[in-house]
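In what follows, a single structure is set out as structure tokens and then discussed.
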Amino acid sequence: MKKLINSPETVLADSLIGVAAAHPELRVDHVNRIIYRTDPTRAGKVALLSGGGTGHEPLHGGFVGVGMLDAACAGAVFTSPTPDQMLEATKVVDSGAGVLHIVKNYTGDVMNFEMGAELAAAETGIEVAVVVVNDDVAVEDSTFTAGRRGVGTTVLLEKIAGAAAEEGRDLAAVTAVARQVNESGRSMGVALSSCTVPAAGKPTFELAEGEMEIGVGIHGEPGRRRVPLAGAAEVARLLVEPILADLDFTGAPTIVMVNGLGGTPLIELYVMYAEVRKILEAAGITVARSLVGNYITALDMAGCSVTILKADEDLLHLWDAPVNTAGLRWGI
Amino acid sequence: MKKLINSPETVLADSLIGVAAAHPELRVDHVNRIIYRTDPTRAGKVALLSGGGTGHEPLHGGFVGVGMLDAACAGAVFTSPTPDQMLEATKVVDSGAGVLHIVKNYTGDVMNFEMGAELAAAETGIEVAVVVVNDDVAVEDSTFTAGRRGVGTTVLLEKIAGAAAEEGRDLAAVTAVARQVNESGRSMGVALSSCTVPAAGKPTFELAEGEMEIGVGIHGEPGRRRVPLAGAAEVARLLVEPILADLDFTGAPTIVMVNGLGGTPLIELYVMYAEVRKILEAAGITVARSLVGNYITALDMAGCSVTILKADEDLLHLWDAPVNTAGLRWGI
Amino acid sequence: MTNDTISLDQLTGWLTRFRDLVTEQVSYLTELDSAIGDADHGSNMTRGMDAVLEKIQASPVVAVDELFKGVGMTLVTSVGGASGPLYGTFFLRIGTSAGPVSTLDAPGLAAALRAGLGGVVARGKAEAGDKTMFDVLAPALDAFDADLVVFSDISSAARAAYSAAQAGRDATAPLIARKGRASYLGERSIGHIDPGAASTSLLFQALAEILDKE
Amino acid sequence: MTNDTISLDQLTGWLTRFRDLVTEQVSYLTELDSAIGDADHGSNMTRGMDAVLEKIQASPVVAVDELFKGVGMTLVTSVGGASGPLYGTFFLRIGTSAGPVSTLDAPGLAAALRAGLGGVVARGKAEAGDKTMFDVLAPALDAFDADLVVFSDISSAARAAYSAAQAGRDATAPLIARKGRASYLGERSIGHIDPGAASTSLLFQALAEILDKE
Ligand SMILES: Nc1ncnc2c1ncn2[C@@H]1O[C@H](COP(=O)(O)OP(=O)(O)O)[C@@H](O)[C@H]1O
Ligand SMILES: Nc1ncnc2c1ncn2[C@@H]1O[C@H](COP(=O)(O)OP(=O)(O)O)[C@@H](O)[C@H]1O
Ligand SMILES: [Mg+2]
Ligand SMILES: [Mg+2]
Ligand SMILES: [Mg+2]
Ligand SMILES: [Mg+2]
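Protein chains in written order, with this note's numbering: chain A, 1 to 332; chain B, 333 to 664; chain C, 665 to 878; chain D, 879 to 1092.
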């Protein structure tokens, strides 16, 4: 394993020291491993809290700031944070207007956030709402499974719900916007390599030279199927077609993200974006906004994911609103 | 070789299609492979032109926009662009106030920009100034070599000189600021893996599991020496000490960048940043501004570089000025 | 020799032995999780059990409920992931069921373990055959109870539970996962032992070993 | 049979043969550039020579200067990197030196090649022993001139140049690079043949082969 770390045990603590040093506009609670905005939540503003395992950076810590999250709880690598972290963060960020928990749909994340909310309900009068993101079309959605994973749409949701909160919408309205984004967003990913969890010390799975995994998530887990490596045009087709089969994106403006999983150079993401756009154009889908880069990653995994969000005037307006975070910034 | 491309021959053209599709605020000349701001250079504003081989994204195309570059010429992967590209871009971006060429110090880049400037002089009356960036302390600076490479300082220089131009400073003043940045900035890099040039199809060099290359540049070229892999604290020492030995950074505010070379996750860059800060603190060096992320890369190379710039009030002021590009954006 | 009760010391010994076993098997657990999960089950369990042992050593307890509530809370607050809430709730419910006693008799232990299982089900909604730790916990407790009826020996019951646990663990291999991360794999989860099932089997190994010592 | 001149057709054949040789050797050239550079010399040379051949086929020329100016400009505008301006200037100067003729005699070719070398030096400032294409070009031209004095045969001179080119190429291996990208490696550049030296040696191989055909 080759990593720029001191040890697998200290990687999270060390990186939080780096985050605190690099970003004076953030405040890091090193004991509870929570990243906050330095300024407390404005009175009356709904607070947004998210969190998850480490290894997906910039998600979530990189999205704390004006126009997006109020705090992010960091778990161990690929392991959701714990309920006490969510409780502590909920107490700190609440300004009286309530807190929205943004949870990616993994059993661990869901249970830990659930327990955190239970503790908050027992200990405080804080109003907590929850949105569970489950946008990954690679996973069959069935009542007999843990359901779809939360992947790329999480980024768009945190941006858009963050803008709604910043505008002064109340908890019910912010939650409704968040749910709308989740219901209107779909993602699909591909890996050209696995990734190496520091504590595991070797890649989670092995991919031969001529192979790729279609339908991977963001934890280096194996995907739905292994297929021969193909050119960018064909890979784009394999990612976009299942998305379009799952939801009708015609007749509305869309927001499209081509997201790198960590080990893929930007130039390849732009090549993929070009191919995605060709397919969408042929399908008569209007792309109103684009995002190309590393936003929700899986450590050093090579590959990418495509997310398409069916938007409307309100979502576009919220998307365009100013945002000022380490990972996403415009208009401010 | 595993890459999300259609073919090594089309990677540059395809990625430019993606850039154009993703960024309506940019205009791409696909024939000459030049990325421009969509709006022409404001009358009286000095224009900034840079360019280089592809594979260092977001550099340079990702730094075209308000407060930074006016245009970037893209070469083949790791190959400088050609003089006709520089001539064309120079003609397009000049608004009458002259054009600053920002050139990284590689024989190819220097010669091609030189020929571009010669052509511009022969064909037009446009005033062209040149700054050659050579900040890599890994390379011995001697009159018997091609001199030091231009690496991380290029990013800071493009930002700062871009702000000076945006402020309305004239060509001499913008050039002076650019030279000041180059003279005050130093970088050093380390690789944990090589990278794969698409046309070559395999990694430029091989690194064994327990090894790293100290003193690499941004072209996947071998570095100064190969040493056993070490922890982040020790790697930071190996990068920062040669920089501090080369220039006295005490008594001035510094801007510090920890830059990923493409294949290294953000979390590791923050771990490295934490270690770099500890060393600088111990050395009595004041860090005024920080930048952590992938800004000047070497395709999928795993590793990072550290850049330290000795600033002053003026440089900090220019650093803080609004910038709005795909790769760097704040205040606007 | 037959045993009727398990003491606070033995219960602490159980947890210590479990810590040692997950530490010994850390790579194996992570390997299993690499195949159908995200390669962190080994480090999750060792991080949690190290924290548990640290806590036990730092603040000695006098009652069984105190012990297991502390263990449960420590796991909940130090592990995260799926296993943190599940193992955490398991031990919390054991504590609540056991009450402020200093030893548990065999039926008391059986009841406590079953309460723990109830907690796991309340949290995770797993059913038999979902390919989770449930598929070890449930048959192990059934075997414990059945053995107890026949032999009235807590050690013998624990050995029976461990046997059933191993069988339950191995029987997860052919299943299609329907809960947790492995469910994303659908049919590709077939042929792999569930990592949580494997760690839960170690829990019964630890119990059997500690009770056999006497 | 001795030859005195080289025709426009033969010069075109030279370029065609050079294109074929760099295409055949593309991996070898890139391999050399991987060791002490950035792994693009093979693709730089093939991209450039493919563009040259395309241009030649698209717009036939009637004079040697026209041919080589076109070749030089095509290389300058299609290659980039260090080799683009260097090979580009080399051919541009050959064109200027040759003038609007349709054949070159042996001294004319020698003078043109030497003008090309002058262009390379003007652009890149390389000196003997810097471990660049200069270390092939210079001895090859010296050998060409020397052979010509003795045998007055352009084919023989080209063969001599090619021999010297190969020797010059191999002699770059023990050198420490002082120009171009390889100079960043310092002592680590020792033991590797310079990629530009290798491609330049192919240029003389092409010339020798094309003149031998007659
Ligand atoms: N809903 C559930 N009910 C019971 N056990 C579960 C459930 N979901 C997951 N598990 C157990 O948790 C184990 C995974 O734990 P771990 O790897 O530590 O967490 P994560 O899956 O969050 O990475 C699985 O092997 C399975 O036994
Ligand atoms: N200053 C110079 N003078 C002469 N030849 C040079 C000089 N610098 C580099 N070269 C030649 O150029 C070759 C490298 O070409 P190439 O790999 O195509 O470009 P780059 O180095 O820009 O990647 C070297 O092997 C060397 O022969
Ligand atoms: Mg996990
Ligand atoms: Mg090159
Ligand atoms: Mg796991
Ligand atoms: Mg090269």
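The beta-carbon is built from N, C-alpha and C at its ideal position, and this holds for glycine as well.
T974(D) does not reach chain B, its nearest Cβ partner there being about 16 Å away, counting only Cβ pairs nearer than 9 Å. Every residue whose Cβ sits closer than 5 Å to any heavy atom of ligand 3 is listed here in chain order: F78(A), T79(A), D702(C), D704(C), G745(C).
Within 7 Å of the CB of R149(A), the CB atoms of chain C belong to Y848, in sequence order along the chain.
In this structure, the C-beta of G440(B) approaches ligand 4 to less than 7 Å from one of its heavy atoms. Contact check for I664(B) and V398(B): beta-carbon distance about 6 Å, within the 8 Å limit, so the pair qualifies.
Distances from the CB of D911(D) to the heavy atoms of ligand 6 include at least one below 7 Å. Three or more Cβ pairs closer than 8 Å define a contact, and the segment 1084-1092 of chain D falls short of that threshold against the segment 1044-1052 of chain D. Residue contact with chain B for N259(A): absent (no Cβ-Cβ distance below 8 Å to any residue of chain B). V904(D) and F476(B) have their C-alpha atoms spaced approximately 30 Å apart. Not a single heavy atom of ligand 2 lies less than 7 Å from the C-beta of G517(B). Considering only beta carbons, the part of the segment 287-310 of chain A lying closer than 7 Å to chain B consists of S290, V292, T297, L299, D300, A302, C304, in chain order.
Under a criterion of Cβ atoms nearer than 9 Å, the residues of chain C adjacent to H219(A) are, in order, G701, D702, A703, D704, R845.
Cα atoms of E909(D) and M86(A): separation of roughly 54 Å, rounded to the nearest angstrom.
Exposure of P654(B) is indicated by the presence of fewer than 16 other C-beta atoms within 10 angstroms of its C-beta.
In its chain, beyond the 5 residues on either side, S95 have a beta carbon closer than 6 Å to the beta carbon of A43(A).
In the three-state reduction of the DSSP assignment, Y438(B) falls in the coil class.
Between H388(B) and the set L380(B), C527(B), R501(B), A496(B), the nearest pair of CA atoms involves C527(B). Interface residue (Cβ-Cβ distance to chain B less than 8 Å): I267(A) is classified as such. CA-to-CA, the gap between P978(D) and L1089(D) works out to about 21 Å.
For D136(A) and H219(A), the gap between their C-alpha atoms comes out near 13 Å. Closer than 7 Å to some heavy atom of ligand 1: that does not describe the Cβ of D806(C). The beta carbon of T738(C) does not come within 8 Å of any beta carbon belonging to chain A, so the residue lies off that interface. P963(D) has a beta carbon lying within less than 8 Å of a beta carbon in chain B. Taken atom to atom, the span from the alpha-carbon of T297(A) to that of S865(C) is near 34 Å.
DSSP, reduced to helix, strand and coil, places K310(A) within a strand of the structure shown. Contact with chain C is found for E140(A), since one of that chain's Cβ atoms lies less than 8 Å from the residue's Cβ.
Runs of the beta strand (DSSP E) lying entirely within the segment 222-297 of chain A, each at least 3 residues long, are 225-228, 253-260, 286-293 in chain order.
Leaving aside the five residues that flank N294(A) on each side, the residues in its chain whose CB is nearer than 6 Å to its CB run, in chain order, G260. By DSSP's assignment, R661(B) forms a beta bridge with N656(B). At a beta-carbon threshold of 7 Å, the residues of chain B lying near E57(A) are P597, L598, I599, ordered along the chain. The three-state secondary structure of L69(A), taken from DSSP, is strand. With the rule of 3 Cβ pairs closer than 8 Å, the segment 477-496 of chain B does not count as touching the segment 446-459 of chain B.
Judged by DSSP in its simplified three-state form, P203(A) adopts strand. In the DSSP annotation of this structure, the continuous segment of the beta strand (DSSP E) that includes I670(C) starts and ends at 669-671.
In the assembly as shown, G997(D) is a buried residue. Its beta-carbon has 16 or more other beta-carbons within 10 Å.
The beta carbon of R845(C) sits closer than 7 Å to at least one heavy atom of ligand 5.
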